[in-house]
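See structure below.
Residue numbers (our numbering): 446 to 565.
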(Lines of atoms letter the chains of each structure in order from A; the text may use other names.)
(Lines give C-alpha, C1' and ligand atoms only; values in the text may rest on other atoms or scores of the structure.)
Protein backbone atom coordinates (compact mmCIF):
# COMPACT_ATOMS: atom_id res chain seq x y z
CA UNK A 446 0.00 0.00 0.00
CA UNK A 447 1.30 3.43 -0.95
CA UNK A 448 0.63 6.85 0.49
CA UNK A 449 -0.70 9.19 -2.22
CA UNK A 450 -0.97 12.97 -2.17
CA UNK A 451 -4.40 14.39 -2.90
CA UNK A 452 -6.30 17.48 -3.96
CA UNK A 453 -10.08 17.90 -3.89
CA UNK A 454 -11.76 20.72 -5.80
CA UNK A 455 -15.10 21.28 -4.04
CA UNK A 456 -16.44 23.63 -6.72
CA UNK A 457 -15.99 21.13 -9.57
CA UNK A 458 -16.20 17.97 -7.40
CA UNK A 459 -12.89 16.66 -8.77
CA UNK A 460 -10.56 14.46 -6.73
CA UNK A 461 -6.94 14.09 -7.82
CA UNK A 462 -4.69 11.44 -6.23
CA UNK A 463 -1.04 11.00 -7.13
CA UNK A 464 2.07 9.18 -6.02
CA UNK A 465 4.54 11.90 -4.96
CA UNK A 466 7.49 9.63 -5.81
CA UNK A 467 6.50 9.12 -9.46
CA UNK A 468 5.97 11.32 -12.50
CA UNK A 469 3.12 10.90 -14.93
CA UNK A 470 4.15 10.36 -18.54
CA UNK A 471 0.71 9.68 -19.99
CA UNK A 472 -2.98 9.42 -19.17
CA UNK A 473 -5.92 7.27 -20.14
CA UNK A 474 -9.47 8.58 -19.77
CA UNK A 475 -12.24 6.10 -18.99
CA UNK A 476 -15.52 7.94 -18.44
CA UNK A 477 -15.12 10.19 -15.39
CA UNK A 478 -11.78 8.60 -14.48
CA UNK A 479 -8.37 9.73 -15.72
CA UNK A 480 -5.58 7.29 -14.91
CA UNK A 481 -1.96 8.43 -14.98
CA UNK A 482 0.97 6.14 -15.79
CA UNK A 483 4.74 6.55 -15.62
CA UNK A 484 7.22 5.63 -18.37
CA UNK A 485 7.13 1.97 -17.22
CA UNK A 486 3.33 1.89 -17.69
CA UNK A 487 2.83 1.69 -13.91
CA UNK A 488 -0.20 3.38 -12.33
CA UNK A 489 0.85 6.61 -10.56
CA UNK A 490 -2.26 8.80 -10.32
CA UNK A 491 -6.00 9.10 -10.63
CA UNK A 492 -8.42 11.93 -11.22
CA UNK A 493 -12.09 11.31 -10.48
CA UNK A 494 -14.44 13.88 -12.00
CA UNK A 495 -17.86 14.13 -10.30
CA UNK A 496 -16.07 12.39 -7.43
CA UNK A 497 -18.86 12.40 -4.85
CA UNK A 498 -21.32 10.77 -7.26
CA UNK A 499 -18.82 8.24 -8.65
CA UNK A 500 -17.54 7.24 -5.20
CA UNK A 501 -21.08 7.00 -3.75
CA UNK A 502 -21.91 4.43 -6.42
CA UNK A 503 -18.97 2.27 -5.26
CA UNK A 504 -19.91 2.16 -1.57
CA UNK A 505 -22.56 0.76 0.76
CA UNK A 506 -25.51 3.05 1.58
CA UNK A 507 -24.06 3.66 5.04
CA UNK A 508 -20.69 4.83 3.69
CA UNK A 509 -22.22 6.65 0.70
CA UNK A 510 -24.01 9.07 3.04
CA UNK A 511 -20.67 10.46 4.28
CA UNK A 512 -18.77 10.80 0.97
CA UNK A 513 -19.05 14.60 0.68
CA UNK A 514 -17.99 15.08 4.30
CA UNK A 515 -14.94 12.83 3.86
CA UNK A 516 -13.92 14.57 0.61
CA UNK A 517 -14.31 18.05 2.14
CA UNK A 518 -12.22 17.06 5.18
CA UNK A 519 -9.72 14.71 3.58
CA UNK A 520 -6.58 14.20 5.67
CA UNK A 521 -4.93 11.11 4.20
CA UNK A 522 -5.04 8.90 1.15
CA UNK A 523 -3.53 5.44 0.71
CA UNK A 524 -3.80 3.33 -2.41
CA UNK A 525 -3.49 -0.44 -2.76
CA UNK A 526 -2.83 -1.55 -6.36
CA UNK A 527 -3.11 -5.20 -7.38
CA UNK A 528 -3.01 -6.71 -10.86
CA UNK A 529 -5.51 -9.53 -11.38
CA UNK A 530 -5.77 -11.28 -14.74
CA UNK A 531 -6.12 -8.43 -17.26
CA UNK A 532 -7.35 -5.93 -14.66
CA UNK A 533 -5.79 -3.47 -12.29
CA UNK A 534 -7.68 -3.44 -8.96
CA UNK A 535 -7.24 -0.08 -7.22
CA UNK A 536 -8.50 0.25 -3.64
CA UNK A 537 -8.43 3.85 -2.45
CA UNK A 538 -8.52 4.52 1.30
CA UNK A 539 -9.77 8.07 1.90
CA UNK A 540 -9.52 9.26 5.51
CA UNK A 541 -11.00 12.23 7.30
CA UNK A 542 -10.90 12.68 11.08
CA UNK A 543 -14.34 11.15 11.42
CA UNK A 544 -14.39 8.34 8.85
CA UNK A 545 -12.55 6.20 6.33
CA UNK A 546 -14.13 5.15 3.05
CA UNK A 547 -12.51 2.74 0.62
CA UNK A 548 -13.91 2.64 -2.92
CA UNK A 549 -12.56 -0.04 -5.25
CA UNK A 550 -11.92 0.67 -8.93
CA UNK A 551 -11.06 -1.96 -11.51
CA UNK A 552 -9.71 -0.96 -14.90
CA UNK A 553 -8.08 -2.84 -17.78
CA UNK A 554 -4.31 -3.31 -17.40
CA UNK A 555 -2.07 -1.68 -19.93
CA UNK A 556 0.05 -4.51 -21.25
CA UNK A 557 0.54 -3.49 -24.85
CA UNK A 558 1.62 -0.25 -26.41
CA UNK A 559 -1.07 2.41 -26.12
CA UNK A 560 -1.36 5.56 -28.27
CA UNK A 561 -2.17 7.45 -25.07
CA UNK A 562 1.18 6.40 -23.62
CA UNK A 563 3.22 6.60 -26.82
CA UNK A 564 5.32 9.42 -25.38
CA UNK A 565 5.99 7.56 -22.13
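Built from N, CA and C at the ideal position, the CB exists for glycine as well.
Query, Result
"According to DSSP, residues forming a beta bridge with residue 463", "450, 490"
"Own chain, CB closer than 8 angstroms to residue 568, minus 5 neighbours either side, in chain order", "Because residue 568 is not part of the residues shown, which for the chain are 446 to 565, the question remains open."
"Beta-bridge partners of residue 513, as assigned by DSSP", "Residue 513 pairs with nothing; no bridge assigned."
"Anticipated Cβ contact below 8 angstroms, residue 541 with residue 524, distance rounded", "Contact doesn't hold; Cβ gap of about 16 angstroms is too wide."
"N- and C-terminal bounds of the beta strand (DSSP E) containing residue 500", "It is not in any beta strand (DSSP E) - residue 500 instead sits in the alpha helix (DSSP H) that spans 496-501."
"For residue 527, three-class secondary structure by DSSP", "strand"
"Proximity of residue 481 and residue 490 at Cβ, strictly below 7 angstroms", "yes"
"6 angstroms CB neighbourhood of residue 600 in its chain, flanking five on each side removed", "One cannot answer for residue 600 here, as it falls past the ends of the chain, which runs 446 to 565."
"Minimum C-alpha distance to residue 453 - residue among 494, 511, 545, 473", "494"
"Inter-residue spacing [alpha-carbon to alpha-carbon] between residue 498 and residue 474", "17 angstroms"
"Per-residue burial, residue 548 [other beta carbons within 10 Å of its own, 16 or more giving buried]", "buried"
"Burial state of residue 496, where buried means 16 or more other Cβ atoms lie within 10 Å", "buried"
"Rounded Cβ spacing between residue 469 and residue 483 (contact assumed at less than 8 angstroms)", "7 angstroms"
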